[in-house]
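Peer 1: First residue of the sequence shown? That's 1 in UniProt numbering, and the numbers climb one at a time after it.
Beta carbons: idealized from backbone N, C-alpha and C, even for Gly.
Because the structure is a prediction, the values reported are computed rather than measured.
Below you will find the structure I want to go over with you.
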Amino acid sequence: MHPSHLLETLLCTIPVLVTIGYFGFCRISPFGRCRVCRGTGRARRQYGRVSRACRRCDGTGLRVRTGTRAINRAARLYRDGAS
């Protein structure tokens, strides 16, 4: 095999493997920490006033990962098309 063909093959397969790995990770752990409250469920108000429940995660400290949203959307499309 010519070295340039090996490089082309690697450049094509690495993004595919990373994508499959990310979707596998999303299936194992569908939720991530909220970026606004950093997983605490409480968000500080402006100028350091008393904290309140985070609006983005509704005080849970968790958010749905982007890959999980894509998996759920694909499953919903498949389910709706099959029926």
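Residue 8 to residue 36, Cα distance in whole Å?
Peer 2: For the purposes of this step, residue 8 is taken as the residue at position 8 of the sequence shown. For the purposes of this step, residue 36 is taken as the residue at position 36 of the sequence shown. Computed Cα separation, rounded: 40 Å.
Peer 1: Find out if the Cβ-Cβ distance for the pair residue 42, residue 53 is shorter than 8 Å.
Peer 2: For the purposes of this step, residue 42 is taken as residue 42 along the sequence shown, with counting starting at 1. For the purposes of this step, residue 53 is taken as residue 53 along the sequence shown, with counting starting at 1. Their beta carbons are under 8 Å apart, which means residue 42 touches residue 53 by this criterion.
Peer 1: Among 3, 12 and 19, which one has its Cα closest to the Cα of residue 66?
Peer 2: In the sequence shown, the residue the question calls residue 66 occupies position 66. The option with the nearest alpha carbon to residue 66 is 19.
Peer 1: Can the beta-carbon of residue 63 be found less than 8 Å from the beta-carbon of residue 24?
Peer 2: Numbered from 1 along the sequence shown, position 63 holds the residue referred to as residue 63. Numbered from 1 along the sequence shown, position 24 holds the residue referred to as residue 24. Not closer than 8 Å, so no.
Peer 1: Please identify the residue among 21, 34 and 26 whose C-alpha is closest to the C-alpha of residue 61.
Peer 2: Taking the sequence shown and counting its residues from 1, one reaches residue 61 at position 61. Comparing Cα-Cα distances from residue 61 to each of 21, 34 and 26, the minimum goes to 34.
Peer 1: Skipping 5 residues on each side, what residues in its chain have a beta carbon closer than 6 Å to that of residue 74?
Peer 2: As a first step, residue 74 must be located in the sequence shown, where it is residue number 74. Nothing meets the Cβ criterion.
Peer 1: How many angstroms separate the CA atom of residue 17 from the CA atom of residue 39?
Peer 2: For this step, residue 17 is matched to residue 17 along the sequence shown. For this step, residue 39 is matched to residue 39 along the sequence shown. Distance between the alpha carbons of residue 17 and residue 39: 29 Å.
Peer 1: Please work out which residues of its chain come closer than 8 Å, Cβ to Cβ, to residue 14, disregarding the five sequence neighbours upstream and downstream, and give them in chain order.
Peer 2: As a position in the sequence shown, residue 14 is number 14, starting the count at 1. Nothing listed; no residue qualifies.
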